[in-house]
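Read the structure below first, then the notes.
There are 2 protein chains.
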Amino acid sequence: MPEHPSPAPAPRRNRRDDLLDAFARLVLEQGERAATLEAVAAAADVSKGGLLYHFSSREALVAGLCERFAALVEADIAAATEHERSLAEWYLRTSSDYDSPLERTMAALMRLAQHHDAVVRPALLAGRERWYALILDDLGDERLAHAVLLLGDGVAYNSEMEGPAPDAPRRSSAATVDGLVELVRALRMLRS
Amino acid sequence: MPEHPSPAPAPRRNRRDDLLDAFARLVLEQGERAATLEAVAAAADVSKGGLLYHFSSREALVAGLCERFAALVEADIAAATEHERSLAEWYLRTSSDYDSPLERTMAALMRLAQHHDAVVRPALLAGRERWYALILDDLGDERLAHAVLLLGDGVAYNSEMEGPAPDAPRRSSAATVDGLVELVRALRMLRS
DNA sequence: GTCTATAACTTGATAGAC
DNA sequence: GTCTATCAAGTTATAGAC
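Protein sequences, first through last, are from chains A and B. Using numbering that gives the first Met the number 0, the letters of the first sequence correspond one by one to residues 0 to 191. Using numbering that gives the first Met the number 0, the letters of the second sequence correspond one by one to residues 0 to 191.
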């Protein structure tokens, strides 16, 4: 399909993405209850009607987040495979990236998991299984792989809980995660 | 203070507790959004007016859960101190008790933490600090104590996520937690 | 202590103008 | 594609009967 020589053929950031961003941010920072259609629209500088053109219901907004999550997981795995020796370490380290699109999307979905059970839980579990297989392959020990997954959950939960705390001592800072990585390394040695 | 010889002087379960139970359960199982005053009242077999006699607003309901949480933490610590050698092991093991009042209350509060930031977060952090000090004292290593706390978060998150799944293989079952306890033991050896 | 009735407001969603 | 206007249903909270 030939294209007209438009000056910016790049995958331009569109309104849909802005709306999903706003939705995720509101859920994360103010709770599920505060993320009303009106609030989401306002946060994305669109009217309620504008929002409903892109996502025709609240459910559609949630489904949109699920799709984004799956895509972000794949992108993350691709990046991990390319850049890091140990996938387990990458997983632990990135779990504390409170601000990354992936962590934000996942954290938001966790909060929506109960009310939108049928759509959200499968999406979350799929991402989890995907990572588990890779980490197991990396570490070669089910128990250890499982521990890494759980540590990642803990780190992510804490980063989210602490949020963008300005000065408070962050229990899940990068320095702290280094300690975890060392623990995992020690356990790995122990096995061999 | 002398009491009349009433037949049942026991700390009888009252409506307040029923209402807090119902509130926590709805938040946990259906999400924050579904836990409306009407839904809570209905789940506790009381009318909305009845609920509002005991908790005069939604905020009061949240504050009530916070108080209960603090009390449950102290009771849990008392039980742990009495029954178990290693507080760290107790902590890990009880993190998978999806059905315990303590875990349920904590999980519900996590979901309310964003919207009711000022009340809920301090309550949650206080319980956490309380346990951290004890586990650090038990294990004698900050990094390890921290890892135990994070594993506990992970286990709790997964138990909650899996919920009362009828037959699915539970990643956070008691058997799985045994594995984690062993890992922590191995790390402890490594240090000495 | 518990109920019903109701006030005041918010929410998700539709219709139709621009 | 985006907006305003509008609606029915649902939400928190109050008032007052029992």
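Don't be surprised by glycine CBs; every beta carbon is placed ideally from N, CA and C.
Would the beta-carbon of residue 22 of chain A fall within 7 Å of that of residue 50 of chain A? Here residue 22 of chain A refers to the residue found at position 23 of the first sequence. Here residue 50 of chain A refers to the residue found at position 51 of the first sequence. Not closer than 7 Å, so no.
Please state if the CB of residue 155 of chain B and the CB of residue 94 of chain B are separated by a distance shorter than 7 Å. By one-based count along the second sequence, residue 94 of chain B stands at place 95. By one-based count along the second sequence, residue 155 of chain B stands at place 156. Yes, these two residues count as a Cβ contact at 7 Å.
Can you grab the Cα-Cα spacing for the pair residue 19 of chain B / residue 31 of chain B, in whole Å? In the second sequence, residue 19 of chain B corresponds to position 20, counting from 1. In the second sequence, residue 31 of chain B corresponds to position 32, counting from 1. Answer to the nearest angstrom: the Cα atoms are 14 Å apart.
Is residue 137 of chain A near residue 85 of chain A, with beta carbons less than 7 Å apart? Here residue 137 of chain A corresponds to residue number 138 of the first sequence, with the count starting at 1. Here residue 85 of chain A corresponds to residue number 86 of the first sequence, with the count starting at 1. Against a cut-off of 7 Å, the Cβ pair of residue 85 of chain A and residue 137 of chain A comes out as a contact.
So, is residue 46 of chain B buried or exposed, given that buried needs 16 or more other C-beta atoms within 10 angstroms? Within the second sequence, residue 46 of chain B is the residue found at index 47, counting from 1. So residue 46 of chain B counts as exposed.
Residue from A:130, A:58, A:106, A:180 whose Cα sits closest to the Cα of residue 160 of chain B: In the second sequence, residue 160 of chain B corresponds to position 161, counting from 1. If we check each option's Cα against that of residue 160 of chain B, A:106 comes out closest.
Integer Cβ distance of residue 110 of chain A from residue 39 of chain A, believed to fall under 8 Å: Position 111 of the first sequence, counting from 1, holds the residue named residue 110 of chain A. Position 40 of the first sequence, counting from 1, holds the residue named residue 39 of chain A. 14 Å between Cβ atoms; not a contact.
CA nearest to the CA of residue 146 of chain A, picked from B:144, B:153, B:14: To locate residue 146 of chain A, count along the first sequence from 1; it is residue 147. Considering only alpha carbons, the answer is B:153.
Supposed contact pair residue 108 of chain B and residue 54 of chain B - C-beta distance, whole angstroms, cut 8 Å: For the purposes of this step, residue 54 of chain B is identified with residue 55 of the second sequence, where counting begins at 1. For the purposes of this step, residue 108 of chain B is identified with residue 109 of the second sequence, where counting begins at 1. Not quite, the Cβ-Cβ distance comes to about 16 Å (not below 8 Å), so this is no contact.
Less than 7 Å separating the beta-carbons of residue 112 of chain A and residue 120 of chain A? For the purposes of this step, residue 112 of chain A is taken as residue 113 along the first sequence, with counting starting at 1. For the purposes of this step, residue 120 of chain A is taken as residue 121 along the first sequence, with counting starting at 1. The answer is yes: Cβ separation under 7 Å.
Contact set between residue 154 of chain A and chain B, taken where Cβ atoms lie within less than 7 Å: Numbered from 1 along the first sequence, position 155 holds the residue referred to as residue 154 of chain A. Ordered by position in chain B, the residues that pass the 7 Å Cβ test against residue 154 of chain A are 149.
Residues that residue 146 of chain A contacts on chain B, provided the C-beta gap is smaller than 8 Å: On the first sequence, position 147 is the one that residue 146 of chain A refers to. Here the neighbours are 150, 178, 179, 182.
Can you give me the C-alpha to C-alpha distance between residue 185 of chain A and residue 142 of chain A, rounded to a whole angstrom? Locating residue 185 of chain A in the first sequence gives position 186, counting from the first residue. Locating residue 142 of chain A in the first sequence gives position 143, counting from the first residue. Computed Cα separation, rounded: 14 Å.
Should residue 192 of chain B be labelled buried (16 or more other beta-carbon atoms within 10 Å of its own) or exposed? Outside the shown range of chain B (0 to 191) lies residue 192 of chain B, about which nothing can therefore be said.
From this set, B:128, B:56, B:24, B:97, which residue's C-alpha is nearest residue 73 of chain B's C-alpha? Sequence index remark: in the second sequence, residue 73 of chain B carries index 74 (1-based). Closest by alpha carbon: B:128.
The alpha helix (DSSP H) spanning residue 29 of chain B covers which residue range? Numbered from 1 along the second sequence, position 30 holds the residue referred to as residue 29 of chain B. First-last of the alpha helix (DSSP H) with residue 29 of chain B: 14-29.
Quick check on DSSP: helix, strand or coil for residue 65 of chain A? Along the first sequence, read from residue 1 onward, the residue named residue 65 of chain A stands at position 66. DSSP places residue 65 of chain A in helix when its eight states are reduced to three.
Top-ranked residue by Cα proximity to residue 196 of chain B, from B:15, B:130, B:66, B:124: With chain B covering 0 to 191 only, the question about residue 196 of chain B has no answer from this structure.
Does the beta-carbon of residue 88 of chain A have 16 or more other beta-carbons within 10 angstroms, so that it is buried, or is it exposed? Numbered from its first residue, the first sequence carries residue 88 of chain A at position 89. Buried, by the Cβ-count rule.
Where residue 103 of chain A falls, given that 16 or more other Cβ within 10 Å makes a residue buried: As a position in the first sequence, residue 103 of chain A is number 104, starting the count at 1. Answer is buried; the Cβ neighbour count reaches 16.
Restricting to Cα atoms, I'd like to know which of B:24, B:183, B:58, B:64 is closest to residue 207 of chain B. Past the edges of chain B, shown from 0 to 191, lies residue 207 of chain B, and the structure says nothing about it.
Mind checking whether residue 115 of chain A and residue 33 of chain B have CB atoms under 7 Å apart? Numbered from its first residue, the first sequence carries residue 115 of chain A at position 116. Numbered from its first residue, the second sequence carries residue 33 of chain B at position 34. Not a contact, by the Cβ cut-off of 7 Å.
Chain A partners of residue 175 of chain B, CB-CB under 7 Å? Numbered from its first residue, the second sequence carries residue 175 of chain B at position 176. The answer, in chain order, is 145.
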